[in-house]
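Note sheet for the following structure.
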Amino acid sequence: MADTENEKPFKVSVPDEDLEQLRQRLALARFPDELDEAEWEYGVPLADVRRLAARWADGFDWRSAEAAINALPQFTRDVAVDGFGTLNVHYVHQRSAVTEDAIPLLFVHGWPGHFLEVRKLLPLLTAGSAEQPSFHVVALSLPGFGFSEAPKKKGFAAKQYAEVANNLMINLGYTEYVVQGGDWGHYIAGYLATYYAHKHVKGWLSNYTNALPPKLWNAPLAYLTHLVTPYSAKEKAGWTRSQGFRLTGSGYSHEQATRPQTLGYSLADSPVGLLAWIYEKLVEWTDEYRWRDDEVLEWVSIYWFSRAGPGASVRIYKEMTQGFTRATTADVRWTSIPLGFAYFPKELNRVPRSWLSTLGRIVFESEHEHGGHFAAHEQPGELADDMRRMFGKGGPAFGVVAGKSGYAA
Amino acid sequence: MSNSTEQPFVLAVPDDDLALLRKKLDLVRFPDELDDAAWSYGVPLADMKRLVSHWVNGYDWRKSEAEINKLPMFTRDIDVHGFGTLNIHYVHQKSEVKNAIPLLFSHGWPGDFLEARKMLPLLTEKSPDHPSFHVVALSLPGFGFSEAPKKPGFAGRQYAEVFNKLMLSLGYNEYVYQGGDWGYILGLHAVTHYGHKHIKAWHTNVPSVGPPKLLSNPLVWLSSWLSSSNNSSQAKHGNARNWRTKGMGYFMEQATQPQTIGYSLTDSPVGLLAWIYEKLVTWTDGYPWTDDEVLEWISIYWFSRSCPAAAGRIYYELTGQNTHDTKAGTKWMSVPLGVSYFPGEIIPTIKAWSSMIGNIVFESEHDKGGHFAAFEQPEKLAGDLWKMYGKGGPAHGVVFGKNGYD
Numbered sequence: 000m001a002d003t004e005n006e007k008p009f010k011v012s013v014p015d016e017d018l019e020q021l022r023q024r025l026a027l028a029r030f031p032d033e034l035d036e037a038e039w040e041y042g043v044p045l046a047d048v049r050r051l052a053a054r055w056a057d058g059f060d061w062r063s064a065e066a067a068i069n070a071l072p073q074f075t076r077d078v079a080v081d082g083f084g085t086l087n088v089h090y091v092h093q094r095s096a097v098t099e100d101a102i103p104l105l106f107v108h109g110w111p112g113h114f115l116e117v118r119k120l121l122p123l124l125t126a127g128s129a130e131q132p133s134f135h136v137v138a139l140s141l142p143g144f145g146f147s148e149a150p151k152k153k154g155f156a157a158k159q160y161a162e163v164a165n166n167l168m169i170n171l172g173y174t175e176y177v178v179q180g181g182d183w184g185h186y187i188a189g190y191l192a193t194y195y196a197h198k199h200v201k202g203w204l205s206n207y208t209n210a211l212p213p214k215l216w217n218a219p220l221a222y223l224t225h226l227v228t229p230y231s232a233k234e235k236a237g238w239t240r241s242q243g244f245r246l247t248g249s250g251y252s253h254e255q256a257t258r259p260q261t262l263g264y265s266l267a268d269s270p271v272g273l274l275a276w277i278y279e280k281l282v283e284w285t286d287e288y289r290w291r292d293d294e295v296l297e298w299v300s301i302y303w304f305s306r307a308g309p310g311a312s313v314r315i316y317k318e319m320t321q322g323f324t325r326a327t328t329a330d331v332r333w334t335s336i337p338l339g340f341a342y343f344p345k346e347l348n349r350v351p352r353s354w355l356s357t358l359g360r361i362v363f364e365s366e367h368e369h370g371g372h373f374a375a376h377e378q379p380g381e382l383a384d385d386m387r388r389m390f391g392k393g394g395p396a397f398g399v400v401a402g403k404s405g406y407a408a
Numbered sequence: 000m001s002n003s004t005e006q007p008f009v010l011a012v013p014d015d016d017l018a019l020l021r022k023k024l025d026l027v028r029f030p031d032e033l034d035d036a037a038w039s040y041g042v043p044l045a046d047m048k049r050l051v052s053h054w055v056n057g058y059d060w061r062k063s064e065a066e067i068n069k070l071p072m073f074t075r076d077i078d079v080h081g082f083g084t085l086n087i088h089y090v091h092q093k094s095e096v097k098n099a100i101p102l103l104f105s106h107g108w109p110g111d112f113l114e115a116r117k118m119l120p121l122l123t124e125k126s127p128d129h130p131s132f133h134v135v136a137l138s139l140p141g142f143g144f145s146e147a148p149k150k151p152g153f154a155g156r157q158y159a160e161v162f163n164k165l166m167l168s169l170g171y172n173e174y175v176y177q178g179g180d181w182g183y184i185l186g187l188h189a190v191t192h193y194g195h196k197h198i199k200a201w202h203t204n205v206p207s208v209g210p211p212k213l214l215s216n217p218l219v220w221l222s223s224w225l226s227s228s229n230n231s232s233q234a235k236h237g238n239a240r241n242w243r244t245k246g247m248g249y250f251m252e253q254a255t256q257p258q259t260i261g262y263s264l265t266d267s268p269v270g271l272l273a274w275i276y277e278k279l280v281t282w283t284d285g286y287p288w289t290d291d292e293v294l295e296w297i298s299i300y301w302f303s304r305s306c307p308a309a310a311g312r313i314y315y316e317l318t319g320q321n322t323h324d325t326k327a328g329t330k331w332m333s334v335p336l337g338v339s340y341f342p343g344e345i346i347p348t349i350k351a352w353s354s355m356i357g358n359i360v361f362e363s364e365h366d367k368g369g370h371f372a373a374f375e376q377p378e379k380l381a382g383d384l385w386k387m388y389g390k391g392g393p394a395h396g397v398v399f400g401k402n403g404y405d
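What follows is the structure in structure tokens.
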């Protein structure tokens with residue numbers, strides 16, 4: 000029973016004036032100096048930023064990118080969130096190519112991600128056969144990101160992100176569904192499970208491995224396991240990588256979690272500043288992914304032309320961590336719905352399995368040889384395959400959504 | 000022994016630079032803001048809009064510039080081992096008192112050489128009641144109108160070398176030092192290398208010692224700082240707690256990826272304004288900033304010789320990209336040290352620990368003033384220096400033949 004009245008088809012359509020202003024700003028760009036042979040040691044190299052900025056001003060064809068994005072089935076609808084009125088939410092909604100009984104899947108992006116991270120997954124997940132389950136895919140722009148409205152009031156946090164996503168799925172007629180997410184999508188999926196497990200959320204797969212250590216009082220088995228089980232080689236490698244990230248790669252998160260508004264003035268006003276801020280993550284968080292300049296510029300343009308502006312997106316850090324005072328997973332409750340993890344070697348954060356098991360009943364795990372933080376973008380084939388193996392016939396989460404097995408009857 | 004490379008310095012921002020700034024301000028794009036956010040998410044939008052509007056319509060940079068040019072300013076080349084020569088900008092205001100005490104003042108971030116401005120008349124004036132100083136206030140390399148280092152690794156030792164060579168080149172073989180913020184940390188480095196031989200005494204308004212290392216959990220350290228044994232006026236004030244719990248973002252970014260944030264700060268005057276103005280307000284003790292004062296301050300960064308991005312690198316270099324404490328490489332020295340405590344100081348200090356910094360000979364506690372003490376409370380800070388170095392004071396006569404009185 001989809002509520003279709005409220006839904007409007009959506010096409011990205013950046014006004015000419017906005018394009019022109021971007022060009023004017025780029026033409027006035029003032030670049031910093033750089034230390035000799037700095038490369039990536041101090042942040043994004045000057046040569047990269049200059050090259051990208053020059054192409055953004057002249058060479059990158061936004062209208063062409065826009066047209067390609069508009070080939071995706073996009074919509075907006077008003078979604079109610081308790082205490083926040085309604086927010087107009089933008090999303091991609093692509094139905095299965097092969098069956099009505101496809102598994103409804105909600106894909107949740109993070110920061111500095113966006114709804115287009117689902118793009119390469121769409122043809123893979125909506126395809127299907129007798130051997131391969133199919134999905135109906137919904138990928139929203141989180142409130143404050145992409146083309147969704149931003150909340151206007153303080154305190155739009157875990158509960159609210161979960162509520163808006165859940166309400167969206169219900170409004171689309173998907174009263175039961177599964178979730179895939181990384182980065183903030185991992186946390187939001189965890190809260191979707193916390194608040195709506197069984198009733199609506201029937202399973203989730205995360206590609207972001209972060210959780211708090213088990214405590215004796217809340218996860219006794221995991222706690223004891225953690226005490227006696229040595230870390231695997233991959234867990235150790237992941238841990239070292241996590242420490243490195245915390246030490247030298249997390250400055251952005253401190254600022255975003257404490258003074259997002261202050262940072263927001265820079266991100267909203269300087270395309271070069273925004274470009275550097277995001278591009279740093281696109282490179283540092285991926286596994287030697289060969290970014291084309293136009294790919295980077297399209298990505299950053301989504302932020303530059305976003306409905307609420309780039310400053311709005313960073314507030315999620317402050318809201319979800321209560322100003323950097325609370326671990327984001329602190330209020331995620333263990334549920335028994337099937338939970339899967341896709342491990343990618345260049346992910347920024349990796350905690351031991353015993354910690355991850357505090358988030359839910361792990362039924363599926365997949366170790367990959369390549370890929371980083373933006374798994375859906377870097378390794379769509381691998382991630383799609385994980386989804387199929389977890390939720391398909393013979394998989395540990397087969398048939399979790401009643402009447403929507405993923406296969407034609 | 001003056002160096003012949005000294006040149007008088009006149010600040011003269013090119014018209015083109017002013018025009019570019021104006022064009023950027025005209026194109027400003029503001030972010031949105033949450034209802035009733037006030038300061039809880041960062042600088043309020045209303046403040047920013049007002050400041051930008053004044054920057055465009057009311058603020059007169061040329062007037063500021065003319066006033067700044069009334070200060071006796073110079074540049075000279077200073078050779079730094081391994082880094083070639085850096086052209087250093089400084090104010091050098093001599094007292095009419097021949098035996099005035101040579102004093103080097105160092106600013107920090109987001110400070111600048113003008114922080115010494117209000118103290119200049121107080122420190123250089125002749126009086127039977129207090130000592131006089133010859134004051135040198137430099138722009139740190141990479142800040143204001145000093146050249147920036149071009150290579151990685153310009154850290155404590157190098158700043159100390161610049162300080163000492165500058166003072167020596169001005170004929171001050173022995174001198175005293177005052178600094179806060181990075182001026183404090185660099186003072187530790189300077190005294191470590193040149194204490195006794197050249198630096199005869201020093202003073203800081205940020206006597207911070209002991210934890211925190213950046214690596215440790217700041218909240219754990221904070222709770223020990225807030226424990227019942229510490230009911231100092233600083234602990235009651237709130238600035239320091241706010242800094243540790245919600246004000247370290249800039250530090251972490253600048254210590255790890257200064258180039259990345261540097262693109263924003265160099266390209267967007269509005270971004271730079273917010274980044275710095277936030278500190279001007281949250282680090283001071285009720286200082287009644289005028290918009291002109293704020294804009295002049297930010298303009299020094301905007302029009303700096305290098306670029307705003309260069310200044311942030313000090314965090315990276317002095318912490319080894321967040322791998323060690325800023326005081327690494329310094330040691331406790333018996334050079335006489337004076338400290339002043341201001342309630343609005345952001346960097347937590349514990350009086351009982353201050354003797355771990357150095358040989359405390361003078362202590363002073365104030366009931367008003369914050370991090371930018373020289374700017375906010377020039378009489379109080381100058382008064383402390385008068386007491387410390389004056390007749391009967393604990394550091395009187397430390398510089399041979401220059402006790403501050405004729």
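Those sequence lines, one after another, are chains A and B.
Just so you know, the first sequence maps onto residues 0 to 408 in numbering that gives the first Met the number 0.
Just so you know, the second sequence maps onto residues 0 to 405 in numbering that gives the first Met the number 0.
Where a beta carbon is used, it is the ideal one built from N, C-alpha and C, also for glycine.
Query                                                                                                                                                                         : Result
Quick one: Cα of Ala52 of chain A to Cα of Lys278 of chain B, how far?                                                                                                        : 30 Å
Go through the stretch 237–317 of chain B residue by residue and report every complete run of the alpha helix (DSSP H) that reaches 4 residues or more, in order.             : 238–245, 248–255, 257–266, 268–281 and 290–301
Residues in its own chain within less than 8 Å of Ser215 of chain B by CB, not counting five upstream and five downstream?                                                    : Reliability fails at Ser215 of chain B, whose pLDDT of 48 lies under 50, so the model's placement of it is uncertain and the value that follows must be treated cautiously. The answer is none, since no qualifying residue turns up.
Identify the contact partners of Lys149 of chain B in chain A, using a Cβ-Cβ distance below 7 Å as the criterion.                                                             : Leu34 and Asp35
Please identify the residue among B:Lys150, B:Glu146 and B:Leu139 whose C-alpha is closest to the C-alpha of Pro184 of chain B.                                               : Correcting the residue type first, residue 184 of chain B is Ile in the shown sequence and not Pro. Out of B:Lys150, B:Glu146 and B:Leu139, B:Leu139 has the C-alpha closest to the C-alpha of Ile184 of chain B.
Residues of chain B with CB under 7 Å from Leu27 of chain A, in chain order?                                                                                                  : Leu19, Lys22 and Lys23
Tell me, please, which residues DSSP counts as bridged to Tyr176 of chain A.                                                                                                  : A:Val200
Residues of chain A with a CB under 9 Å from the CB of Arg312 of chain B: which are they?                                                                                     : Leu34 and Tyr41
Helix or strand or just coil, what does DSSP make of His135 of chain A?                                                                                                       : strand
Do the stretch 128–144 of chain B and the stretch 304–312 of chain B make contact, defined as three or more Cβ pairs closer than 8 Å?                                         : yes
Roughly how many angstroms separate the alpha carbons of Gly369 of chain B and Glu375 of chain B, rounded to a whole number?                                                  : 7 Å
Kindly give me the distance between the Cβ atoms of Gly272 of chain A and Ser267 of chain B, rounded to whole angstroms, as I take these residues to be in contact under 8 Å. : 6 Å
Three Cβ pairs or more, each shorter than 8 Å: is that satisfied between the stretch 289–306 of chain B and the stretch 48–68 of chain B?                                     : yes
Given that a residue counts as buried once 16 or more other Cβ atoms are within 10 Å of its Cβ, and exposed if not, what is Arg28 of chain B?                                 : buried
Nearest to Thr203 of chain B by alpha carbon, out of B:Asp59, B:Val134 and B:Ala372?                                                                                          : B:Ala372
Does Ala308 of chain B have its Cβ less than 8 Å from a Cβ in chain A?                                                                                                        : yes
Taking the runs of the beta strand (DSSP E) that are 3 residues or longer, which of them lie wholly in the stretch 314–368 of chain A?                                        : 337–342 and 360–366
At which residues does the beta strand (DSSP E) containing Arg258 of chain A begin and terminate?                                                                             : Run containing Arg258 of chain A: none; DSSP gives neither H nor E here.
Tell me, please, whether the CB atom of Arg28 of chain B is closer than 8 Å to any CB atom in chain A?                                                                        : yes
In or out: Pro342 of chain B buried (at least 16 other Cβ within 10 Å) or exposed?                                                                                            : buried
Counting beta carbon pairs with one atom in the stretch 97–114 of chain A and one in the stretch 135–145 of chain A, are three or more of them shorter than 8 Å?              : yes
Quickly, what does DSSP pair His202 of chain B with across the bridge? List them, please.                                                                                     : B:Gln177 and B:Gly337
For Leu27 of chain A and Asp14 of chain B, I'd like the C-alpha separation in whole angstroms.                                                                                : 15 Å
If we ignore side chains and look at the alpha-carbon of each, how far apart do Glu175 of chain A and Thr85 of chain A end up?                                                : 22 Å
Indicate whether Val43 of chain A and Ala267 of chain A have their beta-carbon atoms separated by less than 8 Å.                                                              : no
Can you list, in chain order, the residues of the stretch 271–289 of chain B whose Cβ is nearer than 7 Å to any Cβ on chain A?                                                : Ala273, Trp274 and Glu277
Taking only beta-carbon positions, decide if Asp15 of chain B is within less than 8 Å of chain A.                                                                             : no
Gly246 of chain B touches chain A at which residues, Cβ-Cβ below 8 Å?                                                                                                         : Thr257 and Arg258
Along the chain, where does the beta strand (DSSP E) containing Tyr89 of chain B start, and where does it finish?                                                             : Gly83 to Gln92
Beta-carbon of Glu38 of chain A versus every beta-carbon of chain B: anything under 8 Å?                                                                                      : no
Any heavy atom of the ligand HEM closer than 7 Å to the CB of Cys306 of chain B?                                                                                              : In the structure shown, the ligand HEM is absent, as is every other ligand, since no ligand is present at all.
Would you report the Cα separation of Leu213 of chain B and Asn321 of chain B, rounded to the nearest angstrom?                                                               : Reliability of the predicted coordinates at Leu213 of chain B is poor, the pLDDT of 48 falling under 50, and the value obtained from them is presented with this limitation in mind. Spanning the two alpha carbons is a distance of roughly 7 Å.
Check each candidate in B:Thr283, B:Lys22 and B:His106 and name the one with the smallest Cα separation from Ile313 of chain B.                                               : B:His106
Please classify Leu19 of chain B: does DSSP put it in a helix, a strand, or coil?                                                                                             : helix
With respect to the alpha helix (DSSP H) encompassing Pro101 of chain B, which residues constitute its N-terminal and C-terminal limits?                                      : Note, Pro101 of chain B: premise wrong, no alpha helix (DSSP H); beta strand (DSSP E) at Ile100 to Ser105.
Name the DSSP beta bridge partners of Thr74 of chain B, please?                                                                                                               : B:Gln6 and B:His88
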